[in-house]
Amino acid sequence: MLQRQQPSAAGTAEAVADVAAAVRRRVLEHTLRNNGGYLSQACSSADMLAALYLRVMRLGPSQAPLQPRPFAGVPGSRNPHAFTGADYNGPKAPDLDRFIFSPVHYALVLYSLLIELGRLGPDALDAFNRDGSTVELIGAEHSPGHEVTAGSLAQALSQAGGIALARRLRGETGRVWVFMSDGEFQEGQTWEAFAALAHHRIGNLGVYIDANAQQCDGAMSDVMTVEPLAERLRAFGADVREVDGHDIEALADAGDGVGHGRCPRVVIARTDPCRGIDLMRERAPKLHYVRFKTAAEVEAYEALLAALSEARQ
102 MLQRQQPSAA GTAEAVADVA AAVRRRVLEH TLRNNGGYLS QACSSADMLA ALYLRVMRLG
162 PSQAPLQPRP FAGVPGSRNP HAFTGADYNG PKAPDLDRFI FSPVHYALVL YSLLIELGRL
222 GPDALDAFNR DGSTVELIGA EHSPGHEVTA GSLAQALSQA GGIALARRLR GETGRVWVFM
282 SDGEFQEGQT WEAFAALAHH RIGNLGVYID ANAQQCDGAM SDVMTVEPLA ERLRAFGADV
342 REVDGHDIEA LADAGDGVGH GRCPRVVIAR TDPCRGIDLM RERAPKLHYV RFKTAAEVEA
402 YEALLAALSE ARQ
């Protein structure tokens, strides 16, 4: 099993890239062990998520146990034991940021990142997708690193907007960050949420989009395009930056100034769904979920994992 990486000089672009590479290796290892996983999502988003945690967001230390807690039931007045996974992102202090994770099928990528950053124990994935575990295949509000249940894609943005508005009304200086996939812009609720964010002048909210141009049925350009995405978002009142989603410095710089304006900041990060794992290109255009079909395919990916692990030494 891959061991947790201890990042040094965590704010440097090199350290962020090292953490992202470790996340991809861990997700590949997990996919091989379980003959299934959202591997292309790790390829496309690992740099962005690592940059968010190490360069962009102001988070305190984790307040949660390294060993994931078992499911304690749904929230409600009759269940005082219910919890969310937000405490892996630190305390809810007025001056600290909040992180809302929207495309919850990326959960394995987030768990792997939390492990690499020492916010989650190195054996946490042993509980992945087991009955009674919070380390779910499709993350929910009780899963490590998650604060809300996103439900159908695009619902988390609406919840994040409400949180950001409440924080502004309370005079809190902490910001709200949302990680989204570009497929969520095929959903009408996303555009309704942006209309509301612009109307209420929610400037303490930043959105990072994994624009990998893929969805479950293939390339988005073939299924239903969302382009020109930047122009459409500007028309809905957003302050838009468009960057290479694997350029750490560009990702970090794109978050500067959030919290000082009167409109949401949106960072469209153009990404490669096969970044670091070129073998995935043989599966195009169906990259959404990897399940190996032949022994030869397993051997090829095992050889790649061995090579990636050797190069890490």
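Residue numbers (this note's numbering): 102 to 414. A virtual CB, placed ideally from N, CA and C, is assigned to each residue, including glycine.
(1) Assuming contact is defined by CB atoms lying nearer than 8 Å, are N136 and R392 in contact in what I supplied?
(2) For A147, does the three-state DSSP call read helix, strand or coil?
(3) If you follow the alpha helix (DSSP H) that Y309 is in, where does it begin and where does it stop?
(4) Give the straight-line distance between the Cα atoms of A401 and S410, rounded to the nearest whole angstrom.
(5) Should V308 go down as buried or exposed, given a rule of 16 or more other Cβ atoms within 10 Å for buried?
(6) With respect to the beta strand (DSSP E) encompassing F286, which residues constitute its N-terminal and C-terminal limits?
(7) From what residue to what residue does the alpha helix (DSSP H) around V128 run?
(8) Can you name the start and end residues of the beta strand (DSSP E) that E343 belongs to?
(9) If contacts are defined as beta-carbon pairs under 8 Å, then P245 and P169 qualify, I think. What distance do you get, rounded to the angstrom?
(10) Please list the terminal residues of the continuous beta strand (DSSP E) segment that includes A370.
(11) With burial defined as no fewer than 16 other Cβ atoms inside 10 Å of the residue's Cβ, what is the status of A404: buried or exposed?
(12) G138 bridges to which residues according to DSSP?
(13) What are the boundary residues of the beta strand (DSSP E) that includes R376?
(14) Assuming W278 and I201 are in contact, meaning their beta carbons sit under 8 Å apart, how far apart are those beta carbons, in whole angstroms?
(15) I think L218 touches V120, with their Cβ atoms under 8 Å apart; what is that distance to the nearest whole Å?
(16) Apply the 10 Å Cβ neighbour rule to P108 and answer buried if 16 or more other Cβ atoms are within range, or exposed otherwise.
(17) The beta strand (DSSP E) spanning R199 covers which residue range?
Quick look at the numbers:
(1) Yes, these two residues count as a Cβ contact at 8 Å.
(2) Shown here, A147 sits in a helix according to DSSP, grouped into three states.
(3) Note, Y309: premise wrong, no alpha helix (DSSP H); beta strand (DSSP E) at L306 to A312.
(4) Going from the Cα of A401 to the Cα of S410 covers about 14 Å.
(5) The C-beta of V308 has 16 or more other C-beta atoms within 10 Å across all chains shown, which makes the residue buried.
(6) Unbroken run through F286: none, as it is neither H nor E.
(7) First-last of the alpha helix (DSSP H) with V128: A114 to N135.
(8) Following the DSSP letters along the chain, one finds E343 inside the beta strand (DSSP E) bounded by residues D340 to D345.
(9) About 6 Å; that satisfies the 8 Å criterion.
(10) From DSSP, the beta strand (DSSP E) with A370 extends over R366 to R371.
(11) It counts as exposed.
(12) According to DSSP, which records beta bridges pairwise, G138 is partnered with V391.
(13) Where R376 is concerned, there is no enclosing beta strand (DSSP E), given that its DSSP letter is neither H nor E.
(14) Confirmed, Cβ separation roughly 7 Å.
(15) Right, their Cβ atoms sit about 7 Å apart.
(16) In this prediction, P108 scores a pLDDT of 39, lower than 50, which makes its location untrustworthy; the coordinate-derived value is nonetheless stated afterwards. Note on P108: 16 or more other CB atoms within 10 angstroms of its CB, so buried under the neighbour-count rule.
(17) Segment R199 to F202, the beta strand (DSSP E) holding R199.
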